[in-house]
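Written out below as structure tokens is the structure these notes cover.
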Amino acid sequence: MNKQKKRSVLGWDPYLLIPYLILCIIGIVMVYSASADVAMQVGGTARSYLVKQSIFALVGIGIFFLLSRVNLTFWRSKYTLGFLSGLLIVLLVYVRFFGAAVNGARGWVNLGPVSIQPAEVCKFFLTIYLADQFARYENLSRSDYLSKLRKPIILTIVLIGLILSQPDTGGALINASIFLVIIMASRIPWKYGATALVGGVLALLIGLPYVAQLFAKIGGYRAARFVAYLNPFANASGSGTQLVNSYYAISNGGIFGSGIGNSIQKMGYLPESNTDFILAIISEELGLVTVLIILALLATLICRIILLGIRSNNLYETLLCYGTGTFFAVETMFNVGAVCGLLPITGVTLPFISYGGSSMFVLSASLGLVANVERRMRRQKARHRQEVA
Numbered sequence: 236m237n238k239q240k241k242r243s244v245l246g247w248d249p250y251l252l253i254p255y256l257i258l259c260i261i262g263i264v265m266v267y268s269a270s271a272d273v274a275m276q277v278g279g280t281a282r283s284y285l286v287k288q289s290i291f292a293l294v295g296i297g298i299f300f301l302l303s304r305v306n307l308t309f310w311r312s313k314y315t316l317g318f319l320s321g322l323l324i325v326l327l328v329y330v331r332f333f334g335a336a337v338n339g340a341r342g343w344v345n346l347g348p349v350s351i352q353p354a355e356v357c358k359f360f361l362t363i364y365l366a367d368q369f370a371r372y373e374n375l376s377r378s379d380y381l382s383k384l385r386k387p388i389i390l391t392i393v394l395i396g397l398i399l400s401q402p403d404t405g406g407a408l409i410n411a412s413i414f415l416v417i418i419m420a421s422r423i424p425w426k427y428g429a430t431a432l433v434g435g436v437l438a439l440l441i442g443l444p445y446v447a448q449l450f451a452k453i454g455g456y457r458a459a460r461f462v463a464y465l466n467p468f469a470n471a472s473g474s475g476t477q478l479v480n481s482y483y484a485i486s487n488g489g490i491f492g493s494g495i496g497n498s499i500q501k502m503g504y505l506p507e508s509n510t511d512f513i514l515a516i517i518s519e520e521l522g523l524v525t526v527l528i529i530l531a532l533l534a535t536l537i538c539r540i541i542l543l544g545i546r547s548n549n550l551y552e553t554l555l556c557y558g559t560g561t562f563f564a565v566e567t568m569f570n571v572g573a574v575c576g577l578l579p580i581t582g583v584t585l586p587f588i589s590y591g592g593s594s595m596f597v598l599s600a601s602l603g604l605v606a607n608v609e610r611r612m613r614r615q616k617a618r619h620r621q622e623v624a
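This is the structure we're talking about:
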């Protein structure tokens, strides 16, 4: 009872808020440490990255608190969903042809000092959109399922296809995972869910040659990096350099690390040391122990999100939690797998830790919606207790 009162006074779920804030703080500190060489290459200082990441984190926290209070019906409005879907399609088409190119992929819209990555926003949009659509039609007769759900399925395929065309394989796979999990978790007849799953796999297989052609057109950099995990030492000074130096960083760090700021690999040896491969720098400076703490914090968030989805008696909220949990889990898996050489390098960042505004804002917004769900569930339980009393 005392714990429940304490949580009611705080007004927030500690299993969501505390890991989130700790991860943001770790991210700020490690971006500062990992950005030393990156800053020198662009003629700046590591402190500039510290300031930027601090601003990103503060804005992200503000987004989290804001969305945890905004009524969820706002996100189910056809006007909100229609506006976001139209805006995303326009942005994805724009970046495909005119976006800023980074490492062979066009995925960014430059807005002065800030760059927006539409593929990141798509993860948030697909979660709220698909959760709404599949919850809205949960009581349809079987004959109406295909006609009503044709539109959201087609829109999802279009969005994922546009992301693949950048090419952003990691972003496309994360969005596809959200799509498939929400379909399988919804209450549509199993044969439709199985059909969607098989269709998604077939679409992926059919699309692979197209993606391969895109890789060839952009000079092979991303294709080479994608497959370098098979044998990175075969081309240690070329396509395998990231993974090889990631191994060196992890090996140098050992259990407890060489000390914060003492990384060797961040000094020009490990590309993307403050974004995709920041976990390798953390391992080198703070050791395996800190890496395990970070993974435990992320696991706490993911498990709590999924648990809230299981406990909710509202299908929309359940699907919202499952979609967000999938987003966090797959993104973490892809990043950790790439750093360790267990998965291909796809350019996926580590949630709340890697440098970047788009990722921080979208992750915070998604977590804010989950906090909103938890808050509604807690208030509902409180009303039930009062009625029983």
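Sequential numbering of the sequence shown, starting at 236, is according to this note's numbering.
All residues carry an ideal CB built from backbone N, CA and C; glycine is no exception.
In this text the structure is predicted, and so the values were computed from the model without any measurement.
#1: Count the other CB atoms, across all protein chains shown, that sit within 10 Å of the CB of Ser243; report buried if there are 16 or more and exposed otherwise.
#2: Residues bridged to Asn345 by DSSP?
#3: Closest to Val574 by C-alpha separation, out of Leu550, Ser508, Val597, would be which residue?
#4: Hey, out of Glu520, Thr559, Asn549, whose CA is closest to Cys538's CA?
#5: Give the range of the alpha helix (DSSP H) segment to which Val330 is assigned.
#6: Helix, strand or coil, according to DSSP, for Asn410 in the structure here?
#7: Taking all protein chains shown into account, do 16 or more other C-beta atoms lie within 10 angstroms of the C-beta of Ile389, making it buried, or fewer, making it exposed?
#8: I'd like to check one pair, Gly342 with Gln401: are the Cβ atoms closer than 9 Å?
#9: Using only the alpha-carbon positions, how far apart do Ile513 and Ala269 sit?
#10: Between the beta-carbon of Phe291 and the beta-carbon of Leu602, is there less than 9 Å?
#11: Helix, strand or coil for Glu566, going by three-state DSSP, please let me know.
#12: Got a sec, what are the start and stop residues for the alpha helix (DSSP H) Lys287 sits in?
#13: DSSP on Ile588, reduced to helix/strand/coil?
#14: In this structure, how does DSSP classify Phe360 when only helix, strand and coil are distinguished?
#15: Is there contact between the segment 540-553 and the segment 524-532, where contact requires at least three CB pairs shorter than 8 Å?
#16: Let me confirm a value: Val286 is counted as buried when at least 16 other C-beta atoms fall within 10 Å, else exposed. Which label applies?
#17: Consult DSSP for Leu505 and reduce its assignment to one of helix, strand or coil.
#18: Can you tell me which of the three DSSP states Lys240 falls into?
#19: So is Asn345 buried or exposed if we call it buried at 16+ other beta carbons inside 10 Å?
#20: Please classify Leu361 as buried or exposed, where buried requires at least 16 other C-beta atoms within 10 Å of its C-beta.
#21: Count the other C-beta atoms from every protein chain shown that fall within 10 angstroms of the C-beta of Thr561, then say buried if there are 16 or more, exposed otherwise.
#22: Roughly how many angstroms separate the alpha carbons of Ser518 and Asp248, rounded to a whole number?
#23: Can you tell me which of Leu307, Gly334, Tyr284 puts its alpha carbon nearest to the alpha carbon of Cys556?
#24: Determine the direct distance from the alpha carbon of Lys358 to that of Lys386, and round the result to whole angstroms.
#25: Which class does Tyr255 belong to by DSSP, given the choice of helix, strand or coil?
#26: Measure the C-alpha to C-alpha separation of Tyr255 and Tyr364 and round it to an integer number of angstroms.
#27: Looking at the secondary structure, which residues open and close the alpha helix (DSSP H) in which Arg471 lies?
#28: What are the boundary residues of the alpha helix (DSSP H) that Arg546 is part of?
#29: Considering just the uninterrupted stretch of the alpha helix (DSSP H) at Asp272, what are its terminal residues?
#30: State buried or exposed for Phe569, treating a residue as buried only when at least 16 other CB atoms are found within 10 Å of its CB.
#31: Pull up the CB-CB distance for Val294 and Phe563, whole angstroms please, since I reckon it's below 8 Å.
#32: Between Ser589 and Gln352, which are expected to be in contact by the criterion C-beta below 8 Å, what is the C-beta distance as a whole number of angstroms?
On the basis of the data shown:
#1: The residue you call residue 243 lines up with position 8 of the sequence shown. Note that Ser243 scores a pLDDT of 46, beneath 50, so its modelled location is shaky; the value from the coordinates is reported in the next line. Burial call: exposed.
#2: By one-based count along the sequence shown, residue 345 stands at place 110. In the DSSP output, where bridge partners are listed per residue, Asn345 has Ser350.
#3: Position 339 of the sequence shown, counted from the first residue, corresponds to residue 574. Looking at the Cα atoms, Ser508 is the closest of the given residues.
#4: Here residue 538 is taken as the residue at index 303 of the sequence shown, counted from 1. Of the candidates Glu520, Thr559, Asn549, the one whose C-alpha sits nearest the C-alpha of Cys538 is Thr559.
#5: Numbered from 1 along the sequence shown, position 95 holds the residue referred to as residue 330. Where Val330 is concerned, the enclosing alpha helix (DSSP H) stretches over 313-333.
#6: Along the sequence shown, one-based indexing puts residue 410 at 175. It is helical.
#7: Here residue 389 corresponds to residue number 154 of the sequence shown, with the count starting at 1. The residue is exposed, with fewer than 16 neighbouring Cβ atoms inside 10 Å.
#8: In the sequence shown, residue 401 corresponds to position 166, counting from 1. In the sequence shown, residue 342 corresponds to position 107, counting from 1. Yes. Within cutoff.
#9: For the purposes of this step, residue 513 is identified with residue 278 of the sequence shown, where counting begins at 1. For the purposes of this step, residue 269 is identified with residue 34 of the sequence shown, where counting begins at 1. So the alpha carbons of these two residues sit roughly 7 Å apart.
#10: In the sequence shown, residue 291 corresponds to position 56, counting from 1. In the sequence shown, residue 602 corresponds to position 367, counting from 1. No, the pair does not count as a contact, with Cβ atoms beyond the cut-off.
#11: Reading the sequence shown from its first residue, position 331 is the one you call residue 566. Residue state, collapsed to three classes: helix.
#12: The count along the sequence shown starts at 1 and reaches residue 287 at position 52. In the DSSP assignment, Lys287 falls within the alpha helix (DSSP H) that extends over 281-302.
#13: Working through the sequence shown from its first residue, we reach residue 588 at position 353. The answer is coil: DSSP assigns Ile588 none of H, G, I, E or B.
#14: For the purposes of this step, residue 360 is taken as residue 125 along the sequence shown, with counting starting at 1. Look at Phe360 here: in three-state DSSP terms it is helix.
#15: No: the two stretches stay apart, fewer than three of their Cβ pairs being nearer than 8 Å.
#16: Within the sequence shown, numbered from 1, the residue matching residue 286 stands at position 51. Exposed: under 16 other Cβ atoms inside 10 Å.
#17: Taking the sequence shown and counting its residues from 1, one reaches residue 505 at position 270. Leu505: coil per DSSP, three-state reduction.
#18: Translated into the one-based positions of the sequence shown, residue 240 becomes position 5. Since pLDDT at Lys240 reaches only 47, below the 50 mark, its modelled position is unreliable, and the value read off the structure follows with that caveat. In this structure, DSSP gives Lys240 a helical state, which the three-state scheme calls helix.
#19: Looking up residue 345 in the sequence shown gives position 110. If you draw a 10 Å sphere on the C-beta of Asn345, you find fewer than 16 other C-beta atoms in it, and that means exposed.
#20: Along the sequence shown, one-based indexing puts residue 361 at 126. Under the 10 Å beta carbon count, Leu361 is surrounded by 16 or more other beta carbons and is classified as buried.
#21: Numbered from its first residue, the sequence shown carries residue 561 at position 326. Counting the other Cβ atoms within 10 Å of the Cβ of Thr561 gives 16 or more, which makes it buried.
#22: Position 283 of the sequence shown holds residue 518. Position 13 of the sequence shown holds residue 248. Ser518 and Asp248: Cα-Cα distance of roughly 29 Å.
#23: Counting from 1 along the sequence shown, the entry for residue 556 is found at position 321. Selection Leu307, Gly334, Tyr284 evaluated against Cys556 yields Leu307 as nearest (Cα-Cα).
#24: If you number the sequence shown from 1, residue 386 lands on position 151. If you number the sequence shown from 1, residue 358 lands on position 123. Each residue's Cα considered, the two are about 18 Å apart.
#25: By one-based count along the sequence shown, residue 255 stands at place 20. Here DSSP, grouped into helix, strand and coil, assigns Tyr255 to helix.
#26: As a first step, residue 255 must be located in the sequence shown, where it is residue number 20. As a first step, residue 364 must be located in the sequence shown, where it is residue number 129. Tyr255 and Tyr364: Cα-Cα distance of roughly 24 Å.
#27: In the sequence shown, counting from the first residue as 1, residue 471 sits at position 236. The sequence as given places Ala at residue 471; Arg does not occur at that position. In the DSSP assignment, Ala471 falls outside any alpha helix (DSSP H) and carries neither an H nor an E.
#28: Residue numbering aside, residue 546 sits at position 311 when the sequence shown is read from its first letter. Where Arg546 is concerned, the enclosing alpha helix (DSSP H) starts and stops at 513-546.
#29: Here residue 272 refers to the residue found at position 37 of the sequence shown. From DSSP, the alpha helix (DSSP H) with Asp272 extends over 271-276.
#30: Your numbering for residue 569 matches position 334 in the sequence shown. Taking every protein chain shown into account, the CB of Phe569 has 16 or more other CB atoms within 10 angstroms, so this residue is buried.
#31: Here residue 294 corresponds to residue number 59 of the sequence shown, with the count starting at 1. Here residue 563 corresponds to residue number 328 of the sequence shown, with the count starting at 1. A Cβ-Cβ separation of about 19 Å leaves Val294 out of contact with Phe563 under the 8 Å criterion.
#32: Counting from 1 along the sequence shown, the entry for residue 589 is found at position 354. Counting from 1 along the sequence shown, the entry for residue 352 is found at position 117. Going by Cβ atoms, the distance from Ser589 to Gln352 rounds to 12 Å, so no, they are not a contact pair.
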